[in-house]
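Asker:
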Ligand SMILES: [Zn+2]
Ligand SMILES: [Zn+2]
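Residue numbers (the numbering used here): 281 to 388.
1) Cutting at 7 Å between CB atoms, please list the residues of its own chain near residue 329, excluding the five before and the five after it.
2) Hey, is residue 309 close to ligand 1, as in C-beta under 7 Å from one of its heavy atoms?
3) For ligand 2, any of its heavy atoms closer than 7 Å to the Cβ of residue 363?
4) Pull the bridge partners of residue 353 from the DSSP assignment, please.
5) Using 10 angstroms around the beta-carbon of residue 316, count the other beta-carbons present and answer buried if the total reaches 16, otherwise exposed.
6) Among 300, 367, 289 and 332, whose alpha-carbon lies nearest the alpha-carbon of residue 346?
7) How long is the line joining the alpha carbons of residue 314 and residue 360, rounded to whole angstroms?
8) Given this structure, state the Cα-to-Cα distance separating residue 294 from residue 321, to the nearest angstrom.
9) Comparing C-alpha positions only, which one of 289, 309 and 297 sits nearest to residue 325?
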């Protein structure tokens, strides 16, 4: 079974704009950069947010991630933080796209 890749959303803490797509790292409303404290969440309209195969390939290749400890933005191919050297696996704010589990999809 093919795994679906859902594009996550984030809210701007500066102007309050909601539902900015994960592919944008700046707010569409005010242009503020996505902060290190930004949290991605799954959209309610999963159909619209499901990425095509091409798009999924792009996001899977380049989901930048934020270090939990020092807040550095690291590129996708970095396995440890360039700022403090902590492990990428420990980062929780790293996913520009989220995998929706089959169970989650059934419930929504
Ligand atoms: Zn904004
Ligand atoms: Zn770090």
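Think of the CB as a built atom: it goes at the ideal place given N, C-alpha and C, for glycine as much as any other residue. Small disclaimer: the values here were computed from a predicted structure and weren't measured.
Answerer: Walking through what the data contain:
1) Counted from its first residue, the chain shown places residue 329 at position 49. Around residue 329: 286, 287 and 323.
2) Position 29 of the chain shown, counting from 1, holds the residue named residue 309. Checking the Cβ of residue 309 against ligand 1 gives yes.
3) In the chain shown, counting from the first residue as 1, residue 363 sits at position 83. Yes, since a heavy atom of ligand 2 falls inside the 7 Å radius drawn around the Cβ of residue 363.
4) The residue given as residue 353 occupies position 73 in the chain shown. DSSP, once it has assigned bridges, lists 346 as partnering residue 353.
5) By one-based count along the chain shown, residue 316 stands at place 36. The residue in question, residue 316, is exposed, as its Cβ has fewer than 16 Cβ neighbours within 10 Å.
6) Counting from one through the chain shown, the residue named residue 346 turns up at place 66. Nearest C-alpha to residue 346: 367.
7) Walking along the chain shown from the start, residue 314 turns up at place 34. Walking along the chain shown from the start, residue 360 turns up at place 80. Rounded to whole angstroms, residue 314 to residue 360 spans 21 Å at the Cα level.
8) Within the chain shown, numbered from 1, the residue matching residue 294 stands at position 14. Within the chain shown, numbered from 1, the residue matching residue 321 stands at position 41. C-alpha separation (whole angstroms): 18 Å.
9) Working through the chain shown from its first residue, we reach residue 325 at position 45. Residue 325 has its Cα closest to that of 289, out of 289, 309 and 297.
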